[in-house]
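Here the sequence shown is numbered in my numbering, starting from 620 and rising by one per residue. Idealized CB from N, CA, C, for every residue including glycine. The structure appears below as structure tokens.
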Amino acid sequence: MIVDNTQTQMRKGILEYCILSIISRGEIYASDIIGELKKARLLVVEGTLYPLLTRLKNNGLLSYSWKESTSGPPRKYYQITPAGLEVLNKLDTTWEELVFAVKTSMEGRVGRETSDARQGTPIDDNHQDPSENEE
């Protein structure tokens, strides 16, 4: 369905931006990134996150370090690099421009249903209703 494809493309477009924003707050473990994305109602699984983290690292935007864990093997913690901060700052500007453009283009649209995104359905990278997975 065209709506599903468009929603997927929109989501993919902002996911790297959101990940860089989260990591810019300080070093963080991958499962904590997933938790932060979940709080933002962007539901991402490890199979989606790890390739993105690898790509961002390979592009010089992230680095990582290993730290001992109190339970289990050492953990990989991600940090944003100076190049990553530079890209993030540019993406901040781009995001502000896009928000303005979208809001401006939607002004006065006939038949537009308003919604409160904070109460809407989470954006799930598996295209499933999250309640279907609850037991």
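Rounded separation between residue i and residue j - CA only
| i | j | result |
| --- | --- | --- |
| lysine 686 | tyrosine 696 | 7 Å |
| isoleucine 621 | valine 663 | 21 Å |
| glutamate 635 | lysine 709 | 13 Å |
| proline 701 | tyrosine 648 | 19 Å |
| methionine 652 | glutamate 715 | The question names methionine, but residue 652 is isoleucine in the sequence shown. Roughly 23 Å separates the two Cα atoms. |
| asparagine 677 | serine 684 | 15 Å |
| methionine 629 | valine 729 | 23 Å |
| methionine 725 | valine 718 | 11 Å |
| threonine 625 | valine 721 | 15 Å |
| aspartate 623 | lysine 657 | 20 Å |
| serine 688 | glycine 666 | 22 Å |
| threonine 712 | glycine 691 | 41 Å |
| threonine 723 | threonine 673 | 36 Å |
Residue i at chain D interface by Cβ criterion, 8 Å
| i | result |
| --- | --- |
| threonine 723 | Within the model displayed, chain D is absent; a lone protein chain is all it includes. |
Reference residue i, options the options, closest by Cα
| i | options | result |
| --- | --- | --- |
| isoleucine 638 | Asn624, Asn677 and Leu671 | Leu671 |
| threonine 627 | Gly666, Thr723 and Leu661 | Leu661 |
| glutamine 698 | Ile633, Glu665 and Leu675 | Leu675 |
| isoleucine 642 | Ser688, Gly703, Thr713 and Arg694 | Gly703 |
| alanine 659 | Ser640, Pro692 and Ser690 | Ser640 |
| serine 650 | Arg694, Thr712 and Thr689 | Arg694 |
Rounded distance between the beta-carbons of residue j and residue i, thought under 8 Å
| i | j | result |
| --- | --- | --- |
| leucine 668 | valine 706 | The Cβ separation is near 18 Å, so there is no contact. |
Burial state of residue i, where buried means 16 or more other Cβ atoms lie within 10 Å
| i | result |
| --- | --- |
| glycine 645 | exposed |
| glycine 654 | exposed |
| glycine 632 | exposed |
**OP:** Identify every run of the alpha helix (DSSP H) within the segment 654 to 740, keeping only runs that are complete inside it and at least 4 residues long; order them along the chain.
**Re:** 665 to 677 and 701 to 725
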